[in-house]
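Presented below is the structure to which this report refers.
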Amino acid sequence: MLSYKTIKTDNIVKIIREKGLNISYYHIDNTCANDLWAVGDSDEDYIRYVLKEIAF
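Okay, structure coming up:
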């Protein structure tokens, strides 16, 4: 399991893949999760952020 708080996540993911391992869980920053229920730009910003993290 990795977390958004992990330092140098890109390097760690590279090492994990080189070792042939899988990442079962990745915790993204949910500080603004309530923005999903907001009306306006903040909900779209958070959705874009979550989709970017899922793609990562």
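Count the sequence shown with my numbering and you get residues 2 to 57, in order.
Cβ atoms here follow ideal geometry from the backbone N, Cα and C, with glycine treated the same way.
Taken through DSSP and simplified to helix, strand or coil, LEU3 comes out as strand.
By alpha-carbon distance to LEU3, the top candidate from GLU45, ILE24, TYR47, ASP42 is ILE24.
Judged by DSSP in its simplified three-state form, TYR27 adopts strand.
In this chain, the alpha helix (DSSP H) harbouring LEU52 covers 42 to 56. For ASP11, the enclosing alpha helix (DSSP H) begins and ends at 10 to 19.
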